[in-house]
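Residue numbers (our numbering): 1428 to 1890.
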Ligand code: ARG
């Protein structure tokens, strides 16, 4: 390719360290699409003849058919997907192939290919997240009234509903999707035509290639176009945030599946047994979702560190942008699919959840609130009175709702039998009617909205 300038070929190790074809072959579809858009524009501007452009376009289609059938040949001597494709094109159509690279550099070529790839990756993640949200909302609807202990510090705090708990993840994923949508909108500008770094003297129509490739516009600075990978980092940061959210849900499933909790039974399809302990049923899929979050974050860190301190414009370091994005994307796809599968099929042990919600004095706040409301006791004093009631229940080994009225009245004479209406877990959750609260009525309302949001989403992606 640069034989004119070089007398000797590369050292074997140079070939090895230089080549990106083992991984960037994944960009072949985007590379072919970018080349077709480029050559169509070159012909439209009279930079190459219509005849050559047609030969190149047909040749590129043949290369694509070969890749589809046999995969991309890993030619280390040809370095990367751009050179492998161009060299195969030359074999197929002869010297006209040499005109394709007019007014283009691999620098703007790879920046374009990779943006196209990341854009597709975002669309895949989006579809996966919508499916996972759908699974969460469906299960939340089944359990909108099911009481479970809500925790802070992993200590029983106040009763909540399982539907409410599941819907918390719906909200997280909703924000995650908006991060991907932001990233997609921001990156949707076409670098093609920036050439090596300075633009080109050829009379290009960059708007034409941008729109042919589905970009909103061409990029506005040629140096920036070939030297930034913030679009890939945007993807990785958004992916990291999803992975962190999924990791928390995975962790909850792991805790809930443990014998002391017994809140869920994870399906066989997402568990493994032990080769030595016949009774074991391990939550491996959930553990791997938790583990993969670390790797995805590692990919994000890898690219951030690669980019840090690079002078403008392109440096070969940037060839290392692709492996972390590919790895993170593959891992994230697995995590989302595995979580969706687990959410759809997990068995919730609602009696066990209810029993624990009732045993942890989780309605203590309701007792205190009742004193404030019904007896006009200042909250701090009500807190103190309630603390004594909890201590008594602990001593008597019973739930707050089972404390005899006489005993409660020795703690504070203002207590009357009306108190019992707030001491059950069902009364407690039903009372939490504040916007976003755990009351079944609130949860059902949010589920209905979520279904509408997802319905609109599916309608949009389907059309
Ligand atoms: N394989 C290279 C990459 O992925 C393509 C760009 C090479 N450009 C260059 N000037 N060597 O970054």
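Every residue gets a Cβ at the ideal spot worked out from N, C-alpha and C, and that includes glycine. All of these numbers come straight from a predicted model, not from anything done at the bench.
Rounded Cβ spacing between residue i and residue j (contact assumed at less than 8 Å)
i	j	result
residue 1617	residue 1636	6 Å
residue 1449	residue 1784	With 8 Å as the limit, residue 1449 and residue 1784 do not qualify as a contact, their Cβ atoms being about 54 Å apart.
residue 1469	residue 1530	7 Å
residue 1716	residue 1674	6 Å
residue 1554	residue 1770	Not quite, the Cβ-Cβ distance comes to about 16 Å (not below 8 Å), so this is no contact.
residue 1668	residue 1603	6 Å
residue 1547	residue 1507	The pair is not a contact, with the Cβ atoms about 19 Å apart (cut-off 8 Å).
residue 1816	residue 1806	With 8 Å as the limit, residue 1816 and residue 1806 do not qualify as a contact, their Cβ atoms being about 15 Å apart.
residue 1787	residue 1573	In fact, because the Cβ distance is near 16 Å, the residues do not count as touching under 8 Å.
residue 1881	residue 1560	6 Å
residue 1670	residue 1724	7 Å
residue 1537	residue 1509	7 Å
residue 1841	residue 1804	7 Å
residue 1877	residue 1499	At roughly 42 Å, the Cβ-Cβ gap does not stay under 8 Å, so residue 1877 and residue 1499 are not in contact.
residue 1772	residue 1694	4 Å
Own chain, CB closer than 6 Å to residue i, minus 5 neighbours either side, in chain order
i	result
residue 1621	1535, 1649, 1652 and 1653
residue 1743	none
residue 1644	1616 and 1637
residue 1590	1567, 1570, 1571 and 1870
residue 1851	1828
residue 1633	1620 and 1645
residue 1707	1700 and 1701
residue 1865	1587, 1588, 1591, 1856 and 1859
residue 1432	none
residue 1446	1503 and 1506
residue 1578	1584
Run of the beta strand (DSSP E) containing residue i, from where it starts to where it stops
i	result
residue 1587	1582-1588
residue 1575	1574-1579
Neighbourhood of residue i by C-beta, 7 Å cutoff - its chain only, sequence neighbours within 5 removed
i	result
residue 1747	1733
residue 1545	1614, 1658, 1659, 1662 and 1752
residue 1890	Confidence is the limiting factor: at residue 1890 the pLDDT is only 42, short of 50, which leaves the residue's position unreliable, though a coordinate-based value still follows. Closer than 7 Å at the Cβ level, and outside the excluded window around residue 1890, lies no residue.
residue 1799	1806 and 1809
residue 1764	1555
residue 1741	1534, 1624, 1653 and 1654
residue 1676	1596 and 1766
residue 1558	1767
residue 1884	1557
residue 1826	1785, 1786 and 1820
Of the listed residues the options, nearest to residue i (C-alpha basis)
i	options	result
residue 1566	1540, 1516, 1672 and 1595	1595
residue 1475	1735, 1526 and 1719	1526
residue 1729	1677, 1749 and 1837	1749
residue 1550	1665, 1626 and 1506	1665
residue 1680	1756, 1863 and 1712	1712
residue 1759	1502, 1556 and 1710	1556
residue 1607	1848, 1578, 1593 and 1552	1552
residue 1687	1626, 1780, 1818 and 1704	1780
residue 1789	1481, 1814 and 1504	1814
residue 1838	1824, 1496 and 1820	1820
residue 1627	1444, 1532 and 1741	1532
residue 1631	1848, 1471, 1793 and 1862	1471
residue 1697	1720, 1710 and 1676	1710
residue 1792	1585, 1497, 1868 and 1477	1585
residue 1442	1768, 1766 and 1502	1502
residue 1493	1477, 1518 and 1480	1518
residue 1428	1511, 1823, 1778 and 1738	1511
residue 1737	1656, 1826 and 1581	1656
residue 1718	1862, 1873 and 1672	1672
residue 1682	1745, 1581, 1629 and 1735	1581
residue 1774	1690, 1479 and 1480	1690
Own chain residues within Cβ distance below 8 Å of residue i, not counting five before or after
i	result
residue 1845	1797 and 1801
residue 1485	1520
residue 1640	1460, 1461, 1464, 1539, 1543, 1617 and 1619
residue 1879	none
residue 1516	1483, 1486, 1487, 1490, 1524 and 1527
residue 1727	1660, 1663, 1664, 1666, 1667, 1751 and 1755
residue 1647	1616
Bounding residues of the alpha helix (DSSP H) (the contiguous stretch that carries residue i)
i	result
residue 1513	1508-1520
residue 1813	1806-1823
residue 1683	1657-1684
residue 1487	1477-1497
residue 1440	1439-1445
residue 1728	1711-1734
residue 1634	1633-1639
residue 1763	1749-1772
residue 1891	This structure leaves residue 1891 out entirely; the chain is present only between 1428 and 1890.
residue 1536	1533-1569
task: Would you check if there are 3 or more beta carbon pairs closer than 8 Å linking the segment 1855-1871 to the segment 1828-1843?
output: Segment contact: the segment 1855-1871 against the segment 1828-1843, fewer than three CB-CB distances shorter than 8 Å; contact not assigned.
- prompt: Should the segment 1458-1466 be called in touch with the segment 1432-1442, which here means at least 3 C-beta pairs below 8 Å?
  reply: Cβ pair count under 8 Å is below three, so no.
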